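*Asks:* Okay, handing you the structure first.
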Amino acid sequence: MAWNVGAGAPYVSSLVYAGGLLFYATEQGIATCIDAKNGERVWQERIGGIYSASPVAADGKVYMFSETGEAVVLKPGRTPQVLARNKLDGRIIASPAVSGGRIFVRTDRHLIAIQAK
């Protein structure tokens, strides 16, 4: 075992790797960034919400989707930086998928495709 994070990891969602860092959000609305080489916590920030869906990395950003439908877009890096917050219609429990320049998000009632203009 190279390293271990003993506490504060999410119960349901997975982590995402971007630029040598690991990102995750917990059920308590806390986003965390971990150095993938040594397991050291780089930053931790309360972003609000409940997160069951795993984050995804695409287009140089990290996307986190809360159960209430809020999409939080982070700039991956050693300093916490929220680039955007967007509200989607519906509850999001399922992890999104990334393909063909789109992020696909499934709510309780809809499948949403998000794409840059």
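According to our numbering, the sequence shown is numbered sequentially starting from 78.
Here a beta-carbon is modelled for each residue, glycine too, at the ideal position from N, C-alpha and C.
Keep in mind that this is a model prediction, so the values were computed, not measured.
#1: Here's the rule I'm using: 16 or more other beta-carbon atoms within 10 Å means buried, otherwise exposed. How should L98 be labelled?
#2: According to DSSP, is T184 helix, strand or coil?
#3: Assign L214 to buried or exposed, taking buried as 16 or more other Cβ atoms, counted over all protein chains shown, within 10 Å of its Cβ.
#4: Runs of 3 residues minimum, wholly inside the segment 78-166: which ones carry the beta strand (DSSP E) assignment?
#5: Helix, strand or coil: which one does DSSP assign to R179?
#6: Please go through the same chain and pick out, in chain order, the residues whose beta-carbon is closer than 8 Å to the beta-carbon of R155, but skip the five residues on each side of it.
#7: Assign V89 to buried or exposed, taking buried as 16 or more other Cβ atoms, counted over all protein chains shown, within 10 Å of its Cβ.
#8: Just checking my contact of A108 with P87 at CB under 8 Å: how many whole Å lie between their CB atoms?
#9: I believe T145 touches G126 by the beta-carbon criterion, under 8 Å. Please report the beta-carbon distance rounded to the nearest angstrom.
#10: Classify G140 as buried or exposed, calling it buried when 16 or more other Cβ atoms lie within 10 Å of its own Cβ.
#11: Leaving out the 5 sequence neighbours to the left and right, which residues in its chain are closer than 7 Å to L165 when beta-carbon positions are compared?
*Replies:* Based on what the coordinates show:
#1: As a working note, residue 98 is residue 21 in the sequence shown. Buried, since its Cβ has 16 or more Cβ neighbours within 10 Å.
#2: Sequence index remark: in the sequence shown, residue 184 carries index 107 (1-based). Three-state DSSP puts T184 in coil, outside helix and strand.
#3: Outside the shown range of the chain (78 to 194) lies residue 214, about which nothing can therefore be said.
#4: 93-95, 98-102, 107-112, 118-123, 133-135, 138-142, 147-151, 159-164
#5: For the purposes of this step, residue 179 is taken as the residue at position 102 of the sequence shown. If DSSP states are grouped into helix, strand and coil, R179 belongs with the strands.
#6: Stepping through the sequence shown from its first residue, residue 155 is reached at position 78. Cβ within range, chain order: L98, C110, V119, W120.
#7: As a first step, residue 89 must be located in the sequence shown, where it is residue number 12. So V89 ends up on the exposed side.
#8: As a first step, residue 108 is located in the sequence shown; it is residue number 31 there, counting from the start. As a first step, residue 87 is located in the sequence shown; it is residue number 10 there, counting from the start. Rounded, the Cβ-Cβ distance is 10 Å, inconsistent with contact.
#9: Here residue 145 corresponds to residue number 68 of the sequence shown, with the count starting at 1. Here residue 126 corresponds to residue number 49 of the sequence shown, with the count starting at 1. Sure, about 6 Å apart at Cβ, within 8 Å.
#10: In the sequence shown, the residue the question calls residue 140 occupies position 63. Note that residue 140 is Tyr in the sequence shown, not Gly. So Y140 ends up on the buried side.
#11: The sequence position of residue 165 within the sequence shown is 88, counting from 1. Cβ neighbours of L165 beyond the five flanking positions: G146, A148, V182, T184, I189.
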